[in-house]
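Each residue of the sequence shown is one higher than the last, beginning at -14 in this note's numbering.
Report on the structure given below.
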Amino acid sequence: MSKAGFELTGWVSSTEQQNQEKTNCSVLGLLWEPNTDLFTCDLRNIPTEINDTCSKRQLLSISQNIFDPIVFTAPVTLIPKLLMQKAWKNYELTWDQKLPSEIVEEFKNWLASLEFLKLVQIPRYFGGLVDESTTTLHMFSDASGKAFAACVFLRIECDNKVKIKLVQAKSRVAPLKKDPSPKRKLKCPSLNSNSWQQLSALALSRASKHH
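This is the structure:
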């Protein structure tokens, strides 16, 4: 680390000897539980409720506090993006003007629903990539009038056992200009293509098939 110019100021390991008293730590915007080697969403900077004078600036600021590189929260973080688009489309408001009560209520409901994210756990380690295993990558994408999304799963089959791992997900708000359904569907392969370019860095060359 020192040869590369990095000063090591702390060390956390998933071994039992290192983490007898360690609970969790922050890693890349997520909470990592060393003893279980699982990632969870960090909601410590998310308020549990907001007042009725919420503005576009506040909506954006609060929603951007949810961050994860894998984007396993894509179905959740898409909602405030849609609310922001709705505010821009239907109301001529500055960044600090009060949002309409309709949007504020939807945002409050979204905040109240975030509690379940604490129950979502993502393994840090894919595992199972041994020579005897059969691994396949499965990419899914779909579009609607409001948004389009894509996700990638790694399927590992070994010793008559199957494991499914979420590798990555992406979501985008649909443009305000309404496109015909076939044109919307064509944007999905573009998302998959971007995902595949990023996944190539993981060197998942053992994946025998791509779907």
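Glycine is no exception: its CB is placed at the ideal position from the N, C-alpha and C atoms.
Put residue 34 into one of helix, strand or coil per three-state DSSP.
-> Here residue 34 sits in coil by DSSP.
In whole angstroms, what is the alpha-carbon distance linking residue 84 and residue 147?
-> Their Cα atoms are separated by approximately 48 Å.
Comparing alpha-carbon positions, which option in 154, 163, 142 lies nearest residue 61?
-> The candidate whose alpha carbon is nearest that of residue 61 is 154.
DSSP three-state assignment for residue 219, whether helix, strand or coil = Beyond the ends of the chain as shown, which are -14 and 196, falls residue 219; an answer cannot be given.
Coil, strand or helix - residue 134 by DSSP = In this structure, residue 134 counts as strand in the three-state DSSP scheme.
What do you reckon, are the CB atoms on residue 44 and residue 27 nearer than 7 Å?
-> No, these two residues do not count as a Cβ contact at 7 Å.
Please report how far the alpha carbon of residue 99 lies from the alpha carbon of residue -12, in whole angstroms.
-> It is roughly 42 Å from the alpha-carbon of residue 99 to the alpha-carbon of residue -12.
Within its chain, find whatever has a CB closer than 7 Å to the CB of residue 138; leave out the 5 residues flanking it on each side and keep chain order.
-> Cβ within range, chain order: 123, 149, 150, 151, 152.
Express the C-alpha separation of residue 63 and residue 73 in angstroms, rounding to a whole number.
-> Approximately 16 Å between the Cα atoms of the pair.
DSSP-derived helix/strand/coil call for residue 197 = Missing from the structure shown is residue 197; the chain here goes from -14 to 196 and no further.
For residue 197, the residue or residues it bridges with in DSSP | Only positions -14 to 196 of the chain appear in this structure, which leaves residue 197 out of reach.
Sort 40, -1, 38 by Cα distance to residue 21 and report the nearest one.
-> Comparing C-alpha distances from residue 21 to each of 40, -1, 38 shows the shortest one belongs to -1.
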